[in-house]
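Here the structure is laid out as structure tokens; the discussion comes afterwards.
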Amino acid sequence: MPIRRVALVWLLGLLAPSFAWADNPLVVEAALDREVAAPLLDAFEAAHPHIQLTFRDRSTLEVDARVANEDNPPDVVISSAMPWQMARVNEGYAQRLDSPAAQAWPEWAKWRDEVFGFTFEPIVMAYRLDLSRHMLPPKTHADLHTLLTQHRETLRGKVTTYSPLRSGVGYSLFQQDARYTTRFWDLVTAMGATDTHLEANTRAMLEGLSEGRYWLGYNLLGSYAMVWAQSHPEVFVQVPQDYSLVMMRMAFIHRDAPHPAAARAFLDFLLGREGQRVIAGETPLFSVRPDVVGPYTAQRLRDQVGERLYPIPLNASLLAFVDPSRRTAFMDRWQREFHRLAHPEPAQGAAAIESRIDKRSQR
Amino acid sequence: MIEVDGTLKSRLAFWLLATVSVLGVLLLVEAYFSSQRAAERAYDSQLEAAALTIAEAIRWEGGQPVVEIPSAALQILATRHQERVFYAVLDAKGQTVSGNLDIGIPPEWRRRVSSQPTWLNDTYHGTQWRLYGRELDSAGWETQDPVQIWVGHTMSGRDALTEMLFEQAVTRFVIMVLLAGILMLLAMRVALAPIRRLRQQLRRRDADDMRPLDARVPEEMREMAETLDSLFMRQRDGREALLRFTADASHQLKTPLAGLQTTSELALQSDSPDAWRQALTEVHGSAGRTSRLASQLLSLARLRHAVEASATARIDAMALLHETTFDWAQRDVSQAHDIGLASLPASPQYIQGEAWALRELLGNLIDNALRYTPPGSVITLGAVCHAQTLELYIEDDGPGVPPETLAHLHRPFERGGRQDTEGSGLGLAIVDSIVRRHEARMQVESAQKNGLKIRLFFPYLTQHEEK
């Protein structure tokens, strides 16, 4: 990379008239793993060599805080915390994108032509090989509940899921689960009864599974889990057979973007055929566009798991999730249900993990 | 001289366009506001529904209102147009129980809402918002304070609906105008058909066809058709008068010529020089009369047909009257009569005219009076100043004429029923022609005792013409 940079600068030095274009920065604040997004970013830089891309990989909380930063606003904001992104757009922090790519983008994956869901990531369960030696691995949410109830002692401390408190994504997923069925709270109670470990991100859950600390994980980001399973044969990914939530990463151009032209170019690239092709072929983020072919596309996922995919609706209803009183009520209930049948003394490990502040939390 | 001044079609089109423009502007303004009202009603009911949905979710816990914002309420607020949404639930003290944007609700708005639900327009960060507030009386076990629910959204949906409704109204209007225009053209063709028919009928007419029109015309064209008819009638009358004049003139000339022939034939058969002398004297007198007749006919024809006026001048009518009267009074022919002037206005009275013609006119009048009155009659000329006109008159105390012939006296060869005079019957006809040339008016009436009075009214020379 440095050699390429030097060569680029030298080349632009020769092409003096176009030098002005070289100094065309673009700041992207993103809650998206740099390693996962690297092929996408490289492809963008190759397509737009005159734009100097600064990609800042942060937690969803930090990204959200950056949006409201008056002095130094970013150009493009990407986050998987859908309700928070939606709230920022509702507050008027986004600007419209009226390009052909934005016009052609499916209606269900955009709002106000300002914010766009550009990935299609299924929410999955993951289990370790050890689990299948003791019991039949779960295929549905009901299976999971049964398993947690019947093998409570075997699974004690071996189950993991998102912490709704520390992870915006986890909170959103649980909210969405709770919207579909009240039996979700039975599941929470059962998870609490087995002293389930609450993690801040999918990576921590996957690492725990590979290390053998956990046998079963619930509500993992399928995009990361599927890639992990390819290189870690002891981990299996199960897309729930009853319903599988789908999370979309949402991107918008900041209202006060210092470099709006570059920002539009970036978003056009993300939504365009080329960017989506890279997403479908070289990242596990899954392309939304139906006209893109590759191993990771929404279409292919539908073909594999059928019509059980339930994308979190990208509309104003998401705003309810960030309502403070609703969030407080939800967390109160979570705590109540989680501790209803819990062990008299809360697990020390879980408390330690809860208190840890990870840079990549909430992802 | 026919001057073409645009077409009827363009005139009608102009008026149609002007009317439609004025009406159209009014209609479109009305359409815009009614579109806006319709859009407002449609979307205001959504705000109401969202507020009601939120109201359902409010309950009391430990003396505090608690609300779990329903997702449905937010979706109702956002509408199909994906508006940005605002909601706030305020307790009795105005503290926010729950809410998403920091749109401040001023106390006076809260007071207004406490009496009745209210809709408001507000600007928040440069964007127009429509807000709706209502108060909810909900009772808990500990407290019974009212709770206010405020909801709002941006207005792109309203604007889009207004625009759509307005566009529909404009489209309807434009189609209506186009249809009206086409109908107008058709109507014009139908309405102008009688004019076309009349034109064709006139074009087909023979040059000497003077019969009245035989055409079916609408009420609006009746006047024009009647005018045409009367024009034809006058032409016919003029033609007939001309023919009659020619016939009369031939007849008048034929009689003395026949007399001449007879006299000369008799003289040729005789051998007596006395008879010859006698005949020659007769021939001489008759030729003189005939020549006078011919010269009068000629002057009458000249007066009637000389269209272009010869040089006119400013003439003092009083001086002329004086001069002519005295001239005639001294002639031999008038020695048997008493010709005199009535008292005249002291100052000169000016009229515009041709001196020779006016002299001829007075001369003819005096000559006429001399010829048609018995010797010893009194002939008086005079002048009277009226407001608009100067009147010259001549009056005699002769036998007069029967009242029924008064109106025809100015016709050529009309002798007032008298065959006993040497007059040609052309005198008053000449007078009439001269009067017409001077745009004056002649009035023939019976004099106070008996006899005849002829009054001529001349227009004064106006200030403008004096220059």
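Heads up: the sequence lines are chains S and E, in that order. Numbering (the numbering used here) for the first sequence: 1 to 363. Numbering (the numbering used here) for the second sequence: 1001 to 1467. Idealized CB from N, CA, C, for every residue including glycine.
Under the three-state DSSP convention, the category residue i falls into
i	result
TRP1276/E	helix
TRP1150/E	strand
TRP21/S	Since pLDDT at TRP21/S reaches only 48, below the 50 mark, its modelled position is unreliable, and no value is offered.
GLY1285/E	helix
VAL9/S	With a pLDDT of 46 at VAL9/S, under the threshold of 50, the modelled position of this residue cannot be trusted; read the value that follows with caution. Here VAL9/S sits in helix by DSSP.
MET125/S	strand
ASN1121/E	strand
ALA347/S	Residue confidence for ALA347/S is low, a pLDDT of 45 falling below 50, so the modelled location carries little weight; the figure read from the coordinates is stated next. Coil at ALA347/S, not helix or strand.
ARG1455/E	strand
LYS158/S	coil
PHE1033/E	helix
ARG1059/E	strand
SER287/S	strand
LEU341/S	coil
MET1442/E	strand
ILE1054/E	helix
TYR1043/E	helix
GLU1135/E	strand
THR1171/E	helix
ALA1429/E	helix
GLU1026/E	The displayed chain sequence assigns Leu, not Glu, to residue 1026/E. Note: LEU1026/E maps to helix in three-state DSSP.
TRP1141/E	coil
ASP1209/E	coil
ALA365/S	What the structure shows of chain S is the stretch from 1 to 363, and residue 365/S is not part of that stretch, so it cannot be assessed.
Contact list for residue i against chain E, beta-carbon separation under 8 angstroms
i	result
ALA87/S	ASN1100
Spatially closest choice to residue i from the options, by CA coordinates
i	options	result
LEU181/S	ALA320/S, GLN276/S, ALA142/S and LEU148/S	The identity of residue 181/S in the sequence shown is Thr, whereas the question assumes Leu. Closest by alpha carbon: ALA142/S.
ARG1244/E	ARG1411/E, ALA1275/E, GLN1064/E and GLU1282/E	ARG1411/E
ARG1371/E	ALA1346/E, GLN1335/E, LEU1358/E and PRO1402/E	GLN1335/E
GLU121/S	LEU129/S, TRP108/S and SER223/S	SER223/S
VAL1217/E	ASP1206/E, ASP1229/E, MET1210/E and ARG1211/E	ASP1229/E
GLN1128/E	ASP1159/E, PRO1345/E, ASP1327/E and ILE1054/E	ASP1159/E
PHE1413/E	ASP1102/E, GLY1427/E and PRO1402/E	GLY1427/E
VAL293/S	GLY217/S, GLN103/S, ARG277/S and GLN335/S	ARG277/S
ALA1301/E	TRP1109/E, ILE1430/E and PRO1106/E	ILE1430/E
GLU1083/E	ARG96/S, LEU53/S and THR202/S	ARG96/S
ALA1078/E	TRP334/S, HIS232/S and LEU318/S	LEU318/S
THR161/S	ALA30/S, GLY208/S and ALA104/S	GLY208/S
GLY1285/E	THR1312/E, PRO1256/E and THR1123/E	PRO1256/E
SER1034/E	GLY1152/E, ARG1110/E and LEU1161/E	LEU1161/E
THR1262/E	VAL1283/E, GLY1133/E and PRO1273/E	VAL1283/E
LEU1362/E	TRP1328/E, TRP1119/E and ALA1258/E	TRP1328/E
GLN1443/E	ILE1394/E, TYR1460/E and GLN1148/E	ILE1394/E
THR283/S	MET226/S, ARG88/S, SER59/S and ALA94/S	MET226/S
ASP1237/E	THR1227/E, MET1210/E and ASP1248/E	MET1210/E
PRO1374/E	ILE1054/E, VAL1333/E, ILE1069/E and LEU1358/E	VAL1333/E
ALA1027/E	PRO1403/E, VAL1177/E and ALA1247/E	As written in the sequence, residue 1027/E is Leu, which differs from the Ala given in the question. Checking every option, the nearest Cα to that of LEU1027/E belongs to VAL1177/E.
Near the ligand ATP: residue i beta-carbon under 7 angstroms from a heavy atom
i	result
PRO137/S	As for the ligand ATP, it is missing from this structure, which has no ligand bound.
Residues that residue i contacts on chain E, provided the C-beta gap is smaller than 7 angstroms
i	result
LEU319/S	LEU1074, VAL1085 and ASN1100
GLU91/S	LEU1101
ARG112/S	GLN1082
Amino acids of chain S, ordered along the chain, whose beta-carbon sits closer than 9 angstroms to that of residue i
i	result
GLU1068/E	ALA320, ASP323, SER325, ARG326, ALA329 and PHE330
THR1127/E	GLY92
VAL1097/E	SER325
Cβ-Cβ separation, residue j to residue i (assumed contact under 8 angstroms), whole Å
i	j	result
HIS254/S	PRO25/S	With a Cβ gap of about 14 angstroms, HIS254/S and PRO25/S do not count as contacting.
LEU271/S	TRP108/S	The pair is not a contact, with the Cβ atoms about 14 angstroms apart (cut-off 8 angstroms).
ASP1145/E	ALA1073/E	Not a contact, Cβ separation roughly 22 angstroms.
ALA190/S	LEU148/S	4 angstroms
SER172/S	PHE338/S	In fact, because the Cβ distance is near 18 angstroms, the residues do not count as touching under 8 angstroms.
GLN1352/E	ARG1314/E	6 angstroms
ILE1105/E	LEU1090/E	7 angstroms
Interface partners of residue i on chain S, CB under 7 angstroms
i	result
LEU1077/E	ALA316
SER1071/E	SER317 and ALA320
Under 8 angstroms from the C-beta of residue i: neighbouring residues of chain S
i	result
SER1034/E	Within 8 angstroms Cβ-Cβ: nothing; SER1034/E doesn't reach chain S, min ~28 angstroms.
Self-check item: Length at least 4, wholly inside the stretch 1328-1401 of chain E: the alpha helix (DSSP H) runs in chain order
Solution: Qualifying alpha helix (DSSP H) stretches, in chain order: 1355-1372.
Quiz item: Hey, which unbroken runs of the beta strand (DSSP E) at 3 residues or more fall wholly within the stretch 167-254 of chain S?
Solution: Here the runs fully enclosed are 197-199, 216-221, 235-238, 244-247 and 250-254.
Quiz prompt | Runs of beta strand (DSSP E) lying entirely within the stretch 60-124 of chain S, each at least 3 residues, in chain order | solution = 76-79 and 115-117
Practice problem: Output the residue ranges of the alpha helix (DSSP H) runs that lie fully inside the stretch 1083-1118 of chain E and measure 4 residues or longer, sorted by chain position. | Solution: For the stretch 1083-1118 of chain E, whole alpha helix (DSSP H) runs of length 4 or above, ordered along the chain, are 1107-1115.
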